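Per full-length UniProt numbering, the very first residue in the sequence shown carries number 1; after that it's consecutive.
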Amino acid sequence: MAEKLILPTEVKVCATCSYWDGERQVDADVKVVVVSGECHGECLVQEEQKHALQDVRQERSCIWEDLEPDQAADKAAG
């Protein structure tokens, strides 16, 4: 069984970015993201595979976006 990691949504890694299309669970109430330690997904901005825990602070071509904006828009629409 893969180890699960719990990350605050404000941590700047691929798994907490709204442009990362990988397997994750988001708890909006607690504001955490749960991913497998070995999870990979596609960065929709860079169009390449990225590890869930990749630190994006040093990537010049990254447009990291917190998951919050999408959730706030969903609540306004609902």
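For glycine and all other residues, C-beta sits at the position ideal for the given N, C-alpha and C.
Quick caveat, the model's predicted, so the values are computed rather than measured.
**OP:** Report the partner residues of S36 according to the DSSP bridge assignment.
**Re:** The sequence position of residue 36 within the sequence shown is 36, counting from 1. Its beta-bridge partners are K4.
Original post:
Are A15 and V30 touching if we call contact CB-CB under 8 Å?
Top reply: Against the sequence shown, residue 15 aligns to sequence position 15. Against the sequence shown, residue 30 aligns to sequence position 30. Not closer than 8 Å, so no.
**OP:** State the Cα-Cα distance for the pair W64 and K12, rounded to the nearest angstrom.
**Re:** Translated into the one-based positions of the sequence shown, residue 64 becomes position 64. Translated into the one-based positions of the sequence shown, residue 12 becomes position 12. So the two alpha carbons sit approximately 7 Å from each other.
**OP:** Please say whether D27 and G41 have beta carbons closer to each other than 8 Å?
**Re:** Translated into positions along the sequence shown, residue 41 becomes position 41. Translated into positions along the sequence shown, residue 27 becomes position 27. No, the pair does not count as a contact, with Cβ atoms beyond the cut-off.
**OP:** Using beta-carbon positions only, say whether D66 and E10 come within less than 8 Å of one another.
**Re:** Sequence index remark: in the sequence shown, residue 66 carries index 66 (1-based). Sequence index remark: in the sequence shown, residue 10 carries index 10 (1-based). Contact annotation: D66 and E10 have beta-carbon atoms nearer than 8 Å.
**OP:** Give the secondary structure of C62 by DSSP, where H, G and I count as helix, E and B as strand, and everything else as coil.
**Re:** Numbered from its first residue, the sequence shown carries residue 62 at position 62. If DSSP states are grouped into helix, strand and coil, C62 belongs with coil.
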